[in-house]
Amino acid sequence: MQSTLGDDRPVFLEDGRNVWPPHIYLHNIALALNNRLPDEHDRSREVAFLSYGASHVVVTLKTRLQKTYAVRITSAVFDEFQHRHPFWPEYKERSELASMIALFKKNLPVPAVYAFDEDKDNLVGGVWTLQEYVPGVPLIEVLENLSEEGKRDAFFQLSQCMLQVFDIQLPRIGSLEIIGSIEGIRNLSESDLDIRVGRMVTLKGLQNPYIIGPPKDLGPWDDVREWLKSVAQGCMLYQPQPGKELPIDQANIERVKQIIDEVPDSLFDGPLSVNGPWACDMWSLHNVIAVLQEEKVIKLRFLDFEGMQSVPAFVRAKTPFIQDVSEEWLMVLLEFLLEHPGFRHAHEQGRTARHLLNLAENAWIPDPGDLRIKEFFAGDWDDDATLAG
């Protein structure tokens, strides 16, 4: 039974409404985490609101031993999230947890994770993760105040982290998952866990107001062609209510699948087909935390790993796009990335494969006169393939 001991729910207004989930009480968070802290002799002292996202809220937890942690809770008040919550991938949070731990073990600057709970006993009000509190400010908030040299150095540091992730190799296409129970483990990042590539985490199509079921096939895949054909078939889209489907051109889908089968093996051979981690939001400058000293970025840390996937190198080596970053600085970032021979090869030699991915992602849309197919064979598309999932 929950104990609220008075109404200590925070009020944080956006567009005139309180974004704090109405069923979550700070005191309940403190009670639930008392026996889950890294030091078994420590206890919760203070819980306070920190931030929120489309599907989660984050609080800071201060303890009697003068430690500060961050607690991320999957639970949002937004109408669109509440609508799609029944179809939220049950394994999404565990996959994000696996991604954080895997990157931590590769010495990436990501927060250590101490505990995780799916909250089936409803003590907190949503799936939660106890992790290292990362001090600093979002890079997006300080970027304009940096000198040209300071900005360039910040993007160089960002590129080095991106390349460190690019060099990680994974055996299959999908998303990371933890095999076995993690109940009772106090320091997950330092534990010897069985992390593998499993079903792909996808939110693609989740915003459809008429969805009635989860995607039909989430892999994982051992073969690039089979994954691309799954993309073309729309297997990663959430199932819509009969009669409410978007118009789908099945004949065009079959044509695209045939093209996927017929392209030469050289399109995917060698380094282009090496799988590794990719997550768009991880590189958002809203999720990149900067530590500054004398108006210079001396360290970057990364917070958000939502929807991390394992995909081929040709996908990961596309020209970077980061929201709120100008084209000029994206080109500076690309210059740094291209100094890495493996990234350069995947970027330059993988362009046609990325076009094929783009073709597959749009296969369900009617294609009058096979225009997109003709553009694919002519190589007329911009290098703007998105990630299918």
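Per this note's numbering, residue 183 is the first one in the sequence shown, and the count goes up by one each step. Backbone N, C-alpha and C define an ideal beta-carbon position, used for all residues, glycine too. As the structure is a prediction and not an experimental result, all values here were calculated from the model.
Starting from the C-beta of PRO291, find all residues in its chain whose C-beta is less than 8 Å away, skip the five residues before and the five after it, and write them out in chain order.
For the purposes of this step, residue 291 is identified with residue 109 of the sequence shown, where counting begins at 1. The residues are CYS343, LYS481, LEU482, ARG483 and PHE484.
Stretch-stretch touch, CB-based, cutoff 8 Å, three pairs: the stretch 333-343 with the stretch 445-457:
no
Strictly under 8 Å for the Cβ-Cβ distance: is GLY362 near chain C by that measure?
Annotation note: the requested chain C is absent from the structure, which comprises a single protein chain.
Counted within 10 angstroms of its Cβ, other Cβ atoms place ARG498 as buried (16 or more) or exposed
The residue you call residue 498 lines up with position 316 of the sequence shown. Flag for ARG498 reads buried.
Mark TYR251 as exposed unless 16 or more other C-beta atoms lie within 10 angstroms of its C-beta, in which case mark it buried.
Along the sequence shown, read from residue 1 onward, the residue named residue 251 stands at position 69. With 16 or more other Cβ atoms within 10 Å, it is buried.
Beta-carbon proximity check, ILE442 vs LEU410, cutoff 8 Å
To locate residue 442, count along the sequence shown from 1; it is residue 260. To locate residue 410, count along the sequence shown from 1; it is residue 228. It is a contact, given that the beta carbons lie within the stated cut-off.
Member of ILE377, ASP349 and GLU272 whose CA lies at the smallest distance from the CA of GLY524
Taking the sequence shown and counting its residues from 1, one reaches residue 524 at position 342. Checking every option, the nearest Cα to that of GLY524 belongs to ASP349.
In the DSSP output, what is PHE484 paired with across the bridge?
Within the sequence shown, residue 484 is the residue found at index 302, counting from 1. Partner(s): VAL470.
Would you kindly work out how many angstroms separate the C-alpha atoms of VAL514 and SER341, rounded to a whole number?
Within the sequence shown, numbered from 1, the residue matching residue 514 stands at position 332. Within the sequence shown, numbered from 1, the residue matching residue 341 stands at position 159. Going from the Cα of VAL514 to the Cα of SER341 covers about 10 Å.
What residue does the beta strand (DSSP E) around ILE435 start on, and which one ends it?
Residue mapping note: residue 435 aligns to position 253 of the sequence shown, counting from 1. It is not in any beta strand (DSSP E) - ILE435 instead sits in the alpha helix (DSSP H) that spans 432-444.
Using a Cβ-Cβ cutoff of less than 7 Å, which residues in the same chain neighbour PHE260 once the five nearest sequence positions on both sides are dropped?
For the purposes of this step, residue 260 is taken as residue 78 along the sequence shown, with counting starting at 1. Result list for PHE260: ALA236, in chain order.
Please state whether the Cβ-Cβ distance between GLY332 and GLU510 is less than 8 Å.
Position 150 of the sequence shown, counted from the first residue, corresponds to residue 332. Position 328 of the sequence shown, counted from the first residue, corresponds to residue 510. Their beta carbons are not under 8 Å apart, which means GLY332 does not touch GLU510 by this criterion.
Are ILE150 and ALA280 touching if we call contact CB-CB under 8 Å?
The requested residue 150 does not occur in the structure, where the chain is confined to residues 183 to 571.
Considering TRP511, what are the terminal residues of the alpha helix (DSSP H) in which it resides?
Here the question's residue 511 lines up with position 329 in the sequence shown. Where TRP511 is concerned, the enclosing alpha helix (DSSP H) stretches over 509-519.
Excluding the 5 residues flanking ALA284 on each side, which residues of the same chain have their C-beta closer than 7 Å to its C-beta?
By one-based count along the sequence shown, residue 284 stands at place 102. Excluding sequence neighbours, ALA284 sits near LEU358 and ILE377.
Suppose contacts are defined by Cβ-Cβ distances below 8 Å. Is VAL383 in contact with LYS287 by that definition?
Along the sequence shown, one-based indexing puts residue 383 at 201. Along the sequence shown, one-based indexing puts residue 287 at 105. No, these two residues do not count as a Cβ contact at 8 Å.
Return the chain-ordered list of same chain residues with a C-beta closer than 8 Å to the C-beta of SER412, the five sequence neighbours on each side being excluded.
Numbered from its first residue, the sequence shown carries residue 412 at position 230. Closer than 8 Å at the Cβ level, and outside the excluded window around SER412, lie ASP399, GLY401, TRP403 and MET418.
Could you tell me the boundaries of the alpha helix (DSSP H) in which ASN210 lies?
Translated into positions along the sequence shown, residue 210 becomes position 28. 208-215 is the span of the alpha helix (DSSP H), which, as asked, contains ASN210.
Taking contact to mean at least 3 C-beta pairs separated by less than 8 Å, is the stretch 458-472 in contact with the stretch 419-433?
no
Return helix, strand or coil for LYS302, following the three-state DSSP convention.
Within the sequence shown, the letter at position 120 stands for residue 302. If DSSP states are grouped into helix, strand and coil, LYS302 belongs with coil.
Can you find the residues in the same chain that come closer than 6 Å, C-beta to C-beta, to GLN184, ignoring five residues on each side of it along the sequence?
Residue numbering aside, residue 184 sits at position 2 when the sequence shown is read from its first letter. Residue placement at GLN184 is flagged as unreliable, the pLDDT there being 49, under the threshold of 50; the coordinate-derived value follows with that caveat. ASN210.
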